[in-house]
Structure formats: structure tokens, C-alpha cells
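Asks: Sharing a structure here in C-alpha cells format.
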Amino acid sequence: MADLAKIVDDLSALTVLEAAELSKMLEEKWGVSAAAPAAVAAAPAGGGAAAAPAEEQTEFTVILATAGDKKINVIKEIRTITGLGLKEAKDLVEGAPKTVKEGASKDEAAKIKKVLEENGATVEVK
């Protein structure tokens, strides 16, 4: 039997593109598809069981919709949040709607939204 630990190490070293290519090659060789089969579930007769809770979102994107009246204050806050230079922060604010932060935690997204809205901006969290 092949050394399974070596196979795991080799697979772990693959790039995403190489892994995708490997997947295609295995599908062709074995005549299978990696797509998950569609699950068919019958609805409960009495409608008794509630649907399973959806997985809670853990990463959020904070989007500056509009800068509002206090554009200078918003630019200052954008610089603090993102670490951008003055010109880049100004371009981001003037080019609204723009993404301020991607992959933020729920608390971080709420904090950013609060700070920007206190300075007159309109912010969306997705």
C-alpha cells in the first residue's frame, strides 16, 4: 500500500489551480463527477419541524455608500481604518459607493459602521 502520509503531504503542497486540474483528471479517469448530489427531502406532513438554522455569517464587507456632509472627517476615519494615504482615502470617499473593508468580523464591521455614520457617512454591511 502507498505511503498515505506522503500522499497527504504532496496534496497539501498543490496550488489551487493544480488541485482543480487534479480534480478534473480524476473525474475523467474514474468517470465520475465531484458535484454533490442534490438532496431530496420530503416535507413533514404537519409542517412540524422548523428548517435547520442557516450557518451564521462570520465575515462581513463594509461598504461606504455616501460620504455625507462631513467628507473631511470621513476621509480621516477611512485613513485610520484602512491605513491608506490621504489621496487614496480621498479617492475612495469620492468614488462612493466603495468597499472599505472586506472579511471583517461582526464586531469590527459594526465598529466601522458606527464611526463612519457618526461622521455623516452612509454605510452598508453585507
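If you read the sequence shown in our numbering, its first letter stands for residue 501, the second for the next number, and so on. Just so it is clear, CB atoms sit at the ideal spot from N, CA and C, and this is done for glycine as well.
Compute the Euclidean distance between the alpha carbons of T515 and M525, then round it to the nearest angstrom.
Replies: One-based indexing of the sequence shown puts residue 515 at position 15. One-based indexing of the sequence shown puts residue 525 at position 25. Cα-Cα distance, rounded: 15 Å.
Asks: For K570, which three-state DSSP category applies?
Replies: The residue you call residue 570 lines up with position 70 of the sequence shown. Note: K570 maps to coil in three-state DSSP.
Asks: In whole angstroms, give me the CA-to-CA distance for T622 and T558.
Replies: For this step, residue 622 is matched to residue 122 along the sequence shown. For this step, residue 558 is matched to residue 58 along the sequence shown. Their Cα atoms are separated by approximately 22 Å.
Asks: Less than 6 Å between C-beta atoms, sequence neighbours within five positions excluded: which residues of the same chain meet that for G568?
Replies: Indexing the sequence shown from 1 puts residue 568 at position 68. Closer than 6 Å at Cβ, skipping near neighbours: G620 and A621.
Asks: In its own chain, which residues sit with a C-beta less than 7 Å from the C-beta of A552, not counting the 5 before and 5 after it?
Replies: As a first step, residue 552 is located in the sequence shown; it is residue number 52 there, counting from the start. Reliability fails at A552, whose pLDDT of 49 lies under 50, so the model's placement of it is uncertain and the value that follows must be treated cautiously. Answer for A552: no residue qualifies.
Asks: Short check: CB of L572 to CB of E624, under 8 Å?
Replies: Counting from 1 along the sequence shown, the entry for residue 572 is found at position 72. Counting from 1 along the sequence shown, the entry for residue 624 is found at position 124. Going by the sequence as given, residue 572 is Ile instead of Leu. No, Cβ-Cβ distance for I572 and E624 is not below 8 Å.
Asks: Here's a check: name, in chain order, each residue in its chain whose Cβ is nearer than 7 Å to the Cβ of K606, leaving out the five neighbours to either side.
Replies: Residue 606 sits at position 106 when you count from the first residue of the sequence shown. Result list for K606: F560, in chain order.
Asks: Which residues does DSSP list as the beta-bridge partners of A599?
Replies: As a position in the sequence shown, residue 599 is number 99, starting the count at 1. One detail in the question is off: residue 599 reads as Thr in this sequence, not Ala. According to DSSP, which records beta bridges pairwise, T599 is partnered with I563.
Asks: Can you have a look at A550 and say buried or exposed, based on whether 16 or more other CB atoms are within 10 angstroms of its CB?
Replies: Translated into the one-based positions of the sequence shown, residue 550 becomes position 50. Summary for A550: the model assigns pLDDT 49, below 50, so the residue's position carries little reliability; its value from the coordinates is reported in the next sentence. Classification of A550: exposed, given that the 10 Å Cβ count is below 16.
Asks: Can V593 and I575 be called in contact, C-beta distance under 8 Å?
Replies: For the purposes of this step, residue 593 is taken as residue 93 along the sequence shown, with counting starting at 1. For the purposes of this step, residue 575 is taken as residue 75 along the sequence shown, with counting starting at 1. Yes, they are a contact pair.
Asks: Could you pull the start and end residues of the beta strand (DSSP E) that V623 belongs to?
Replies: By one-based count along the sequence shown, residue 623 stands at place 123. It spans T622 to V625 - the beta strand (DSSP E) in which V623 sits, taken as one unbroken run.
Asks: Specify, as a first and last residue, the run of the alpha helix (DSSP H) that E518 falls within.
Replies: For the purposes of this step, residue 518 is taken as the residue at position 18 of the sequence shown. First-last of the alpha helix (DSSP H) with E518: V516 to W530.
Asks: Report the residue from K570, K601 and P597 whose alpha carbon sits nearest the alpha carbon of L584.
Replies: By one-based count along the sequence shown, residue 584 stands at place 84. Closest option to L584, Cα to Cα, is K601.
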